[in-house]
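Data first, discussion second: the structure below is written as structure tokens.
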Amino acid sequence: MTEAPTLLSLVPKAEAKQSMKDFKSDQEVRWCPGCGDYAVLAAVQGFMPELGLAKENIVFVSGIGCSSRFPYYMNTYGMHSIHGRAPAIATGLATSRRDLSVWVVTGDGDALSIGGNHLIHALRRNVNLKILLFNNRIYGLTKGQYSPTSELGKVTKSTPMGSLDAPFNPVSLALGAEAGFVARTVDSDRKHLTEVLRAAADHQGTALVEIYQNCNIFNDGAFEVLKDKDQAQEAVIRLEHGQPIRFGAEGSKGVVRNQRTGDLEVVTVTPENESRILVHDANGASPTTAFALSRLADPDTLHQTPIGVFRSVGRPVYDTLMAEQLETAVDQHGKGDLASLLTGNDTWTVVG
Amino acid sequence: MTSQVSSPAEQADGAEGAEGTVVGEQRTAGHPGGNGNGKEVRRLDRVIIRFAGDSGDGMQLTGDRFTSETASFGNDLSTLPNFPAEIRAPAGTLPGVSSFQLHFADHDILTPGDAPNVLVAMNPAALKANIGDVPRGAEIIINTDEFTKRPMAKVGYATSPLEDGTLDAYSIHPVPLTTLTVEALKDFGLPRKEAERSKNMFALGLLSWMYHRPTEGTEAFLRQKFAKKPQIAEANVAAFRAGWNFGETTEDFAVSYEVAPATRDFPTGTYRNISGNLALSYGLIAAGRQAELPLYLGSYPITPASDILHELSKHKNFGVRTFQAEDEIAGIGAALGAAFGGSLAVTTTSGPGVALKSETIGLAVSLELPLLIVDIQRGGPSTGLPTKTEQADLLQAMYGRNGEAPVPIVAPRTPADCFDAALDAARIALTYRTPVFLLSDGYLANGSEPWRIPDVADLPDLKTPFAAGPNHELADGTEVFWPYKRDPRTLARPWAVPGTPGLEHRIGGIEKQDGSGNISYDPANHDLMVRTRQAKIDNITVPELTVDDPCGARTLVIGWGSTYGPITAAVRRLRLAGVPIAQAHLRHLNPFPGNLGEVLKRYDKVVVPEMNLGQLATLIRAKYLVDAQSYNQVNGMPFKAEQLATVLKEATDD
Chain A
1 MTEAPTLLSL VPKAEAKQSM KDFKSDQEVR WCPGCGDYAV LAAVQGFMPE
51 LGLAKENIVF VSGIGCSSRF PYYMNTYGMH SIHGRAPAIA TGLATSRRDL
101 SVWVVTGDGD ALSIGGNHLI HALRRNVNLK ILLFNNRIYG LTKGQYSPTS
151 ELGKVTKSTP MGSLDAPFNP VSLALGAEAG FVARTVDSDR KHLTEVLRAA
201 ADHQGTALVE IYQNCNIFND GAFEVLKDKD QAQEAVIRLE HGQPIRFGAE
251 GSKGVVRNQR TGDLEVVTVT PENESRILVH DANGASPTTA FALSRLADPD
301 TLHQTPIGVF RSVGRPVYDT LMAEQLETAV DQHGKGDLAS LLTGNDTWTV
351 VG
Chain B
353 MTSQVSSPAE QADGAEGAEG TVVGEQRTAG HPGGNGNGKE VRRLDRVIIR
403 FAGDSGDGMQ LTGDRFTSET ASFGNDLSTL PNFPAEIRAP AGTLPGVSSF
453 QLHFADHDIL TPGDAPNVLV AMNPAALKAN IGDVPRGAEI IINTDEFTKR
503 PMAKVGYATS PLEDGTLDAY SIHPVPLTTL TVEALKDFGL PRKEAERSKN
553 MFALGLLSWM YHRPTEGTEA FLRQKFAKKP QIAEANVAAF RAGWNFGETT
603 EDFAVSYEVA PATRDFPTGT YRNISGNLAL SYGLIAAGRQ AELPLYLGSY
653 PITPASDILH ELSKHKNFGV RTFQAEDEIA GIGAALGAAF GGSLAVTTTS
703 GPGVALKSET IGLAVSLELP LLIVDIQRGG PSTGLPTKTE QADLLQAMYG
753 RNGEAPVPIV APRTPADCFD AALDAARIAL TYRTPVFLLS DGYLANGSEP
803 WRIPDVADLP DLKTPFAAGP NHELADGTEV FWPYKRDPRT LARPWAVPGT
853 PGLEHRIGGI EKQDGSGNIS YDPANHDLMV RTRQAKIDNI TVPELTVDDP
903 CGARTLVIGW GSTYGPITAA VRRLRLAGVP IAQAHLRHLN PFPGNLGEVL
953 KRYDKVVVPE MNLGQLATLI RAKYLVDAQS YNQVNGMPFK AEQLATVLKE
1003 ATDD
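Chains as they are written, first to last, in the working numbering: chain A, 1 to 352; chain B, 353 to 1006.
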């Protein structure tokens, strides 16, 4: 297979320089005041001009949920579809129109509950989609039931005595589903969010970006530990390709591989162990280390939560392969001729 | 073959001949020696053959080959494959029996025939499972090698039916098919088991001799099918020839039969044999070409629709994209995404899949995008009878969604008609920007008949322009694009595909403001939009219903879909017997033809035969307040002409 230098090269470029304003639709934004979605919308609208793509060739597809209103606010083509199905719909669009840059906006309920099947299959197939998964660990639009990423024991309207099911870790799930690109970022960190979007946009194939997003109505402060300056130092592990994985005050903590179990663990950095601190390699062929990194976070407290690009490796892209098969078929059999197809090989003639 | 039901050349389809149980006209053709061996040759006007054996015996292949030979000979024909849902049910058991019935004639016929004149039974299970359908006096060719103690005991034969008088009423040809096949192949050095597998070709050869079928096609087919295993190819050809020679030489087969080509009932043209699923696949490819749009299929495998996925997957050089999705929902989801992008989008499935797709169909109704939903109906509910036919998805197609979500419905009437129906469904989808149901069924899907190959120059023009620029002027004079501003004639909204500068817009399943398409929760607007979507479907142009009523009948029989063949055959029988009856057949179930109400009211009595519990009858009664009488059968098999003739005769009597 021949991989184009970048699949985005198939998408027409914008003729004039664009600004954030070009990507704002005329629709009034209707999220709750203070919702984390505003920050993500602003970051995406601010980032889009950087891609330099003709905005008529950009499409946002969403499912159902608060985050899924996103397409209405982008002055691109967009479809607000039905619950959980956005990856499937986007797959049809992206595989039939390689001149489009297709983005999926989804939430933890949309992508991981009702749409879990479509998400994992989009990832394994590696269709050229950029999936933004807004994770607020709660059902917002239906007014506050626990979600598949809520911590165990979550007390909500539907679980007054606490939820009974263990949460998904979306990054672990995506890696298990063969995703070539998996990243995590936080709604309030505009710079980090934009960097991750840039890396996702550059990726060939499906990119999954988990965005921790605050629901200030039903799950306020869910990510406070990652946002509060003092706590974040100890809680957030910033992954940077090629850099030792260190965090904490003045990088006092680091991630090493346990020589006995092969698993990853956090240690206080000392001169003796400094050389053993793991250097992050997002491009490693095996997803094993990325998966181990995804397991460092405590699902209840979110302590030791890595953010950044966990994995970014090239894999054959479904839409490219599909287009190549069409070309190969023409090379082998010539362009389809309807009359000879209908006639087939076994005919008889009736004369009047 | 389908023809005008009131054609002067009309003949009874399956009417009993003068010989009582021997169906069809049998004449001694005064040219003994025609087969080169002094044996008697008789001319028949039509024959019904049923091949029956174990699932692993290759009966479907045998039937297909006999069909191809018959088609290329120029007979009219109609087929009924009938096989279990299990890929390999336990060998030698009744549930494992697979059969293939073929009706061929020197004139225009409409059904695979009620009862076989000839049964080929490859084992005791095949005999037991099929003997009830075989009229007394018919010929039965039996593979005696399989009639040993164990296989007979397996199906409850305590004594051999070949010896205990059970089959005295039939004309039996006991043939040791397996032994003869192995003997014929002894020089090939094949393991015995391998050699035995060719016994179906031996049987095919024998039947080909009996009915004077051309053989070159089958030999070429075998050599192509086993191109990578030339020894197996030659062994099968040898078994096929041995079967032919056996008929030629053995004294047990004293008579062979000729069924002349049906040329006088065929309009001039070039013909081929075609099954419903193949015709439907070709119709979809043709629709893409006529619309000048790439064809996109999003599908999940399901019986009996999978063959369309297989077929379309073969034609990537037509620019056809086939996407095998993770589930039924993703299949239609991908198709809808492709429709948004400007493809002619299709999803193929059967009843259970339609149930899963319902929400996405509703979204397509709301988005007003063209989309074909092909439902090859099978026995339901739930998993039901996956390999058997039924028409019980009509109300699901009509109403099976939340909210007021009207979807047009088109139903083909014969296997070959699936081609035209696919083009018609595409026309409606593209013209009105709506999802459309194409309701075929298992009988049409797997059955086959001769098809006059159309001239591609005569196919309808389906070109549908995309929106190219603004379509609305705001009060301040600004030119804008309104995605829900409709064509006043068709009420279709513009199809503006991504990539078109200046037409960026957002659509979704939330109610939209009339015109602008922006989200709207306004009550009056919702009322308007619901009524407008309904009006768009109600106003779709469909041809007037034609009624075949040559003698001023008082009773009308009306059907839809695959019951066309048996109903028409039954109507012919009644008219031959001097009983006047009118017939009409619906292709369009939503909207109905504009004159349907008037047609129904013209008759004292309306009878609606359906392979369900009266779904069309329910619709007709509700809409037109006509006391339509149902006649229903839901046994997984098509109606028999004789059965319908009896019912219709009774209806005309009272």
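The beta-carbon is built from N, C-alpha and C at its ideal position, and this holds for glycine as well.
Note that this is a predicted model, so its numbers are computed, not measured.
Across the set B:Leu462, B:Glu392 and B:Lys391, the C-alpha of B:Leu462 shows the shortest separation from the C-alpha of B:Ala921. Under the three-state reduction of DSSP, B:Asn482 is assigned to helix. Residue-level contact by beta carbon holds for B:Pro853 and chain A, with a gap shorter than 9 Å. In this structure, DSSP gives B:Lys506 a helical state, which the three-state scheme calls helix. Under the rule that a run must span 4 or more residues, the alpha helix (DSSP H) segments found entirely inside the region 862-890 of chain B read 875-890.
Counting C-beta pairs closer than 8 Å gives three or more between the region 456-470 of chain B and the region 424-435 of chain B, which meets the contact rule. Distance between A:Gly34 and A:Arg276, taken at the CA atoms: about 43 Å. Take B:Ala980, set aside five residues on each side of it, and the residues of its chain with a beta-carbon closer than 6 Å to its own are Val958, Val960, Ala969, Ile972 and Arg973, in chain order. Neighbours of B:Lys668 in chain A, taken as residues at a C-beta separation under 7 Å, are given in chain order as Gln325, Leu326 and Ala329. Counting only residues of its own chain and dropping the five nearest sequence neighbours on each side, B:His564 has a CB closer than 6 Å to the CB of Glu610. Contacts between A:Gly336 and chain B, judged by CB atoms closer than 9 Å, involve Ile637, Arg641, His667, Lys668, Asn669, Phe670, Gly671 and Val672 in chain order.
Inclusion of A:Val209 and A:Leu129 in the CB contact set at 9 Å is not warranted, their separation being larger than that value.
Per DSSP, A:Gln18 is not a residue of any alpha helix (DSSP H), being assigned neither H nor E. Residue-level contact check: A:Ala207 does not touch chain B, since none of the beta carbons of chain B fall below 9 Å from its beta carbon. The beta-carbon of A:Leu152 is placed no less than 9 Å from the nearest beta-carbon of chain B. With distances taken between CA atoms, B:Asp793 lies nearest to B:Thr739 out of B:Gly465, B:Thr739, B:Tyr836 and B:Gly448.
Against B:Ile654, chain A offers no close residue; the least beta-carbon distance is about 16 Å (beta-carbon pairs closer than 8 Å).
Annotation: the continuous beta strand (DSSP E) that includes B:Thr622 extends over Gly621 to Ser627. Taking the beta carbon of B:Arg624 as reference, the chain A residues within 9 Å of it are Leu342, Thr343, Gly344, Asn345, Asp346, Thr347 and Trp348, listed in sequence order.
Judged by DSSP in its simplified three-state form, B:Phe692 adopts helix. When the alpha-carbon of A:Ala290 is set against those of A:Val313, A:Gly116, A:Leu326 and A:Leu119, the nearest one is in A:Val313. In this chain, the beta strand (DSSP E) harbouring A:Ile307 covers Thr305 to Ser312. For the region 699-715 of chain B, the residues whose beta carbon sits under 9 Å from a beta carbon of chain A are, in order, Glu711, Thr712, Gly714 and Leu715.
Contact check for B:Tyr955 against B:Ala887 fails: the beta carbons are separated by 9 Å or more. With contacts defined by Cβ atoms closer than 9 Å, B:Phe435 and B:Ser450 form a contacting pair. Per DSSP, the unbroken alpha helix (DSSP H) holding B:Glu950 starts and ends at Leu948 to Lys953. For B:Gly860, the enclosing beta strand (DSSP E) starts and ends at Arg858 to Gly860.
When C-alpha distances from A:Arg184 are compared across A:Asn219, A:Asn135, A:Tyr146 and A:Asn214, the shortest belongs to A:Asn135.
In its chain, beyond the 5 residues on either side, no residue has a beta carbon closer than 6 Å to the beta carbon of B:Pro543.
Ranking B:Glu711, B:Leu723, B:Arg779 and B:Gly799 by CA distance to the CA of B:Glu756 puts B:Glu711 first.
Here B:Lys709 is buried: its Cβ has 16 or more other Cβ atoms, across all protein chains shown, within 10 Å. The Cβ-Cβ distance between A:Asp346 and B:Ala631 does not fall below 9 Å. About 6 Å separates the Cβ atoms of B:Arg765 and B:His937, confirming a contact at the 8 Å cut-off.
In terms of Cα proximity to A:Gly251, the closest of A:Pro49, A:Val269 and A:Ile211 is A:Val269. Contacts with chain A (Cβ-Cβ distance below 9 Å) from the region 845-869 of chain B involve Ala848, Val849, Pro850, Gly851, Thr852, Pro853, Gly854, Leu855, Glu856, His857, Arg858, Ile859, Gly860, Gly861 and Ile862, listed in chain order. Taking a beta-carbon distance threshold of 9 Å, B:Ile805 counts as an interface residue toward chain A.
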